[in-house]
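What follows is one structure encoded as structure tokens, with my remarks underneath.
Residue numbers (our numbering), protein chains in the order written: chain P, 919 to 1234; chain X, 3 to 343.
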């Protein structure tokens, strides 16, 4: 390749400059990431040193006695993100299939635009809507209904028990799912469009239905990118702050029920940072930040490993 | 009285005139979000009169304390007083600026503002999660003849650290030994029960939405959101309505004589008219300022605010300090903040 391009002096200088610029841009990200990790680790170190692994496993959060355990925020973060993902992925998949396979152009264009707009709404708006409109609906309608139906199923009962406050992990998870749908759907739509028409048309020629084309041709072809879209959504759900703060109930009591209030890592930090009045308290909050960082990192690592395995399977 | 006022005004003018060539054009402060609206109104009016700008960042009391200790602002504001040891260690002076009240609010069918009566120990038991239903005998005993619903009490507290919380739990700790032992006092605590709303507006929103909710907010939010407030029995056994008069009564009857650096939380103040959960916002300033001009300008502003800012404060539902306390604060400045040239 190199030999094919005729070399010019100015081009060499331009190349070198470009290389340096691109390299530093990439390096900047790494340096930033490292700096964040290191500074949150240093800030949270007193907490980790003092509480050890108990910080991860204890459900106590007492700023007065300066005893801190991150179990409830960690649990709340993971559960709300998981609910969001479970609800958002099928919907986003449906949207992407509709836009690329089903919808006529005059419908696809405005729908695409609407999805992109949805992605641009500030999270505080989702929070306000959640608190003023959605939470009352949950409290009056969905929560009691779930308690009466799923709450009666043995095994599931503890997950759907408790008074219907309308604020809690399920409400937060549903709001989060609405927030991440546009991200997942937009990426899925873009990659479905990249499926070569020849592949798609050959499948149709073989008599495949639309569904079979999507499921057996488009999806396997774009598998990597679809997983990428899902993990992008997950990353966003894990770190979302304002919307969650409004509808999660902000309670540090451990409760397994999805209808019960809880708190998340990001919500706890946002709520308590301004008035964290002792060094121990501040350190505990920074330690929470570090944990969120680690969780996000693990999620991404998991995604990469999954993709590697998928790539190997694909090669076989 | 009239003469005294004239003398005060004259003195203020004299100070302002005498200092005019050495005032700073701009001073900065940071801290309590509770005082932000009134500080903003005061500084706006003040800058129209004098051209001096007061920049106040409402970053929270904890942040305000940290910033004034670090010396990055000219004054800090906190809803929680620092004790004299902390003040001495940081070389800070402290004085009260405005009064507010923390008011329990409820969402109950057929019960209007001021109709429900609670006592301090009962509030503590509810917030401890010991009294769970609205028709519990403890509540009925204080409200004879009133029909209370068989409804769960949903406790609503602040999710963020807050001076409002500090004053509320300080009151609970004063009236309930169990609260003091189990939970304690702070700007945020380990709540034994309930859900958390972010900010006064978050708590107000939860109260309006959850039937059977009981929470606490700053007095101004009760008025703005037309919330149903409950009355709290004070130490004299009375049930004063939360308003400017009962807050001032608490400020007047509080024992300032024995409070060095105004280190006094006014909750559970004595006197039949005193509102039991009255709160104060405090200003923190360096005792020996590095920049004398800046501190002198800040003091001139607060002198103006305490002496002439009452109408503005009342318009925004803040309660100004009673006159006796204002003179006490001004005497304290003389003795403790060294801004003379």
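Cβ coordinates follow ideal geometry from the N, Cα and C atoms, glycine included.
When the Cα atoms are used, what is the spatial distance from residue i to residue j?
i: residue 242 (chain X); j: residue 979 (chain P); result: 35 Å
i: residue 54 (chain X); j: residue 1179 (chain P); result: 47 Å
i: residue 46 (chain X); j: residue 40 (chain X); result: 10 Å
i: residue 234 (chain X); j: residue 1188 (chain P); result: 32 Å
i: residue 1010 (chain P); j: residue 35 (chain X); result: 41 Å
i: residue 62 (chain X); j: residue 56 (chain X); result: 17 Å
i: residue 1186 (chain P); j: residue 1135 (chain P); result: 44 Å
i: residue 75 (chain X); j: residue 1166 (chain P); result: 35 Å
i: residue 1046 (chain P); j: residue 181 (chain X); result: 33 Å
i: residue 1106 (chain P); j: residue 1137 (chain P); result: 9 Å
i: residue 223 (chain X); j: residue 1174 (chain P); result: 34 Å
i: residue 1061 (chain P); j: residue 1079 (chain P); result: 9 Å
i: residue 933 (chain P); j: residue 946 (chain P); result: 20 Å
i: residue 1018 (chain P); j: residue 1064 (chain P); result: 35 Å
i: residue 148 (chain X); j: residue 138 (chain X); result: 12 Å
i: residue 1114 (chain P); j: residue 1206 (chain P); result: 45 Å
i: residue 95 (chain X); j: residue 1052 (chain P); result: 48 Å
i: residue 202 (chain X); j: residue 1112 (chain P); result: 50 Å
i: residue 123 (chain X); j: residue 1001 (chain P); result: 41 Å
i: residue 23 (chain X); j: residue 72 (chain X); result: Per-residue confidence for residue 23 (chain X) stands at a pLDDT of 49, beneath the threshold of 50, marking its modelled position as unreliable; no derived number is given.
i: residue 1031 (chain P); j: residue 1095 (chain P); result: 19 Å
i: residue 30 (chain X); j: residue 59 (chain X); result: 8 Å
i: residue 101 (chain X); j: residue 320 (chain X); result: 7 Å
i: residue 93 (chain X); j: residue 338 (chain X); result: 10 Å
i: residue 1068 (chain P); j: residue 1082 (chain P); result: 14 Å
i: residue 80 (chain X); j: residue 1226 (chain P); result: 54 Å
i: residue 50 (chain X); j: residue 271 (chain X); result: 38 Å
Using CA atoms only, rank isn't needed, just tell me which of the options is closest to residue i.
i: residue 1054 (chain P); options: P:1216, P:995, P:1089; result: P:1089
i: residue 1171 (chain P); options: X:299, X:178, X:131; result: X:131
i: residue 231 (chain X); options: X:251, X:240, X:238, X:216; result: X:216
i: residue 187 (chain X); options: P:982, P:1198, P:1191, P:1210; result: P:982
i: residue 1110 (chain P); options: P:1116, P:965, P:954, P:1143; result: P:1143
i: residue 52 (chain X); options: X:98, X:336, X:70, X:302; result: X:302
i: residue 170 (chain X); options: X:333, X:218, X:197; result: X:218
i: residue 347 (chain X); options: X:179, X:197, X:174; result: This structure gives no information on residue 347 (chain X), because the portion of chain X shown stretches from 3 to 343.
i: residue 1074 (chain P); options: P:1176, P:1141, P:976, P:955; result: P:1176
i: residue 317 (chain X); options: X:340, X:336, X:225; result: X:225
i: residue 989 (chain P); options: P:1231, P:1209, P:1221, P:1227; result: P:1209
i: residue 77 (chain X); options: X:48, X:319, X:297, X:146; result: X:297
i: residue 1084 (chain P); options: P:1059, P:956, P:1044, P:1133; result: P:1059
Residue i and residue j: beta carbons closer than 7 Å?
i: residue 1041 (chain P); j: residue 1161 (chain P); result: yes
i: residue 105 (chain X); j: residue 322 (chain X); result: no
i: residue 1159 (chain P); j: residue 1091 (chain P); result: no
i: residue 1151 (chain P); j: residue 1102 (chain P); result: yes
i: residue 1098 (chain P); j: residue 1057 (chain P); result: no
i: residue 238 (chain X); j: residue 324 (chain X); result: no
i: residue 208 (chain X); j: residue 157 (chain X); result: no
i: residue 991 (chain P); j: residue 1127 (chain P); result: no
i: residue 155 (chain X); j: residue 134 (chain X); result: yes
May I ask which residues mark the beginning and end of the beta strand (DSSP E) holding residue i?
i: residue 59 (chain X); result: 55 to 59
i: residue 216 (chain X); result: 215 to 220
i: residue 94 (chain X); result: 94 to 108
i: residue 28 (chain X); result: 28 to 33
i: residue 156 (chain X); result: 156 to 160
i: residue 198 (chain X); result: 197 to 199
i: residue 288 (chain X); result: 280 to 288
i: residue 80 (chain X); result: 77 to 80
First and last residue of the alpha helix (DSSP H) that includes residue i?
i: residue 328 (chain X); result: 325 to 338
i: residue 1039 (chain P); result: Per DSSP, residue 1039 (chain P) belongs to no alpha helix (DSSP H) and is neither H nor E.
i: residue 1 (chain X); result: Missing from the structure shown is residue 1 (chain X); chain X here goes from 3 to 343 and no further.
i: residue 1131 (chain P); result: 1128 to 1131
i: residue 1015 (chain P); result: 989 to 1015
i: residue 112 (chain X); result: Segment: none, residue 112 (chain X) is in no alpha helix (DSSP H) and carries neither H nor E.
i: residue 882 (chain P); result: Given a span of 919 to 1234 for chain P in the structure shown, any question on residue 882 (chain P) remains unanswerable.
i: residue 1160 (chain P); result: 1160 to 1165
i: residue 1061 (chain P); result: 1061 to 1066
i: residue 1251 (chain P); result: No statement about residue 1251 (chain P) is possible, as the shown extent of chain P runs from 919 to 1234 and does not include it.
i: residue 1144 (chain P); result: 1141 to 1157
*Segment contact, 8 Å Cβ cut-off, at least three pairs: the segment 274 to 282 of chain X with the segment 249 to 260 of chain X*: yes
*Give a yes or no on contact between the segment 264 to 273 of chain X and the segment 286 to 306 of chain X, applying the rule of three or more CB pairs nearer than 8 Å.*
no
_Does the contact criterion of 3 or more C-beta pairs under 8 Å hold for the segment 1213 to 1227 of chain P versus the segment 70 to 88 of chain X?_
no
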